[in-house]
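The opening position of the sequence shown corresponds to residue 457 in the working numbering, with each subsequent residue numbered one higher.
For glycine and all other residues, C-beta sits at the position ideal for the given N, C-alpha and C.
A short write-up of the structure that comes next.
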Amino acid sequence: MSDSNTTDFTNPSTFILLGIPGLELAHIWLSIPFCTMYAIAILGNFSILFIVKWESSVHEPMYYFLCMLAVSDLVLSTATMPKMLNIFWFNSREIDFSACLTQMYFIHCFSAMESGILVALALDRYVAICHLLRYSTILTNSVVAKIGLALVLRSSILALPYPFLVRRWPYCRTNIIPHSYCEHIAVVKLACADTRLSSYYGLFILFSVIGLDILKVIFSLLTKDAQLKTFGTCGSHLCAILDQTHPGQAAKALFS
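Take a look at the structure:
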């Protein structure tokens, strides 16, 4: 399917990824920092996994959570970077419809997982500082495994509707995605239907992954005054996150 295809079709066989719009002539140069970052991510995360596996002195909950974060980062970067480099180096812009949905699922699933792992790391430090003498009895290997399993299940279930929602919409405008990867709202914008359900669900996920984690911390505080002060601070942070993460999605969901 060519770049100029704007005829009616329900499910396109392929999408066209533009890479970084407006910087097509600089793609070969942009590939250098992206390739370098990917190589560093691969080397660094595998180093963490290797050290934690073979060094018995770091067999502790914090390092187990760091291993989870390393695996999540490896999957997330591998889901996006190889295709980006293909676009930059070989101008290979086509991506199969099913492959696009698969990439979308992994991006949103492991982004949510990373957020949860960071909360788990914060919990680990809280227990280590505030309950030092009970640290080893609170965060046992069994508890760490259960937390890890809960994070995997939460992110997997929350991201599952994304590809199904995208597959159900008819596409009759174009198959060109102005991005380097298949992001949910970028694909949904190509649909010629009322896609508010996708926008609302995207906002729900955003607040579920980030907002609820913040609220858990706020309501765990003992005093009402501390809760109000923290809510005032974190509320502005949440608005900033919403604005920076999916401003178009937020506006579309709130005002459509």
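query, result
"7 angstroms CB neighbourhood of S567 in its chain, flanking five on each side removed", "L532"
"Per DSSP, the bridge partner or partners of T593", "According to DSSP, T593 bridges with nothing at all."
"For L710, the three-state DSSP class (helix, strand or coil)", "Interpretation of L710 is limited by its pLDDT of 39, a score under 50 that renders its predicted location unreliable; the figure taken from the coordinates is listed afterwards. DSSP places L710 in helix when its eight states are reduced to three."
"Beta carbon of I507 nearer than 8 angstroms to that of A535", "no"
"Simplified DSSP state of D650, which is helix, strand or coil", "coil"
"Contact under 8 angstroms by Cβ, M569 with Y618", "no"
"Inter-residue spacing [alpha-carbon to alpha-carbon] between A709 and S592", "Bear in mind that the predicted position of A709 carries a pLDDT of just 42, short of 50, making it too unreliable to give a figure here."
"Own chain, CB closer than 7 angstroms to P477, minus 5 neighbours either side, in chain order", "P634"
"Sufficient close CB pairs (3 or more, under 8 angstroms) joining the segment 511 to 522 to the segment 540 to 556", "no"
"DSSP three-state assignment for I613, whether helix, strand or coil", "helix"
"Reduced DSSP secondary structure (H/G/I, E/B, other) of Y627", "strand"
"Helix, strand or coil at W545 [DSSP, three-state]", "helix"
"With 16 other Cβ atoms within 10 Å as the buried cut-off, status of V599", "exposed"
"Nearest residue (CA-CA) to M518, options G604, L479, R549", "G604"
"Three-way DSSP call (helix, strand, coil) for E570 in this model", "helix"
"Own chain partners of M537 with C-beta closer than 7 angstroms, once the 5 adjacent residues on each side are dropped", "F490, Y494"
"Of the residues L579, M540, D552, the one placed nearest I488, counting alpha carbons only", "M540"
"Residues bridged to T470 [DSSP beta-bridge criterion]", "D552"
"Burial state of G658 (16 or more Cβ within 10 Å)", "buried"
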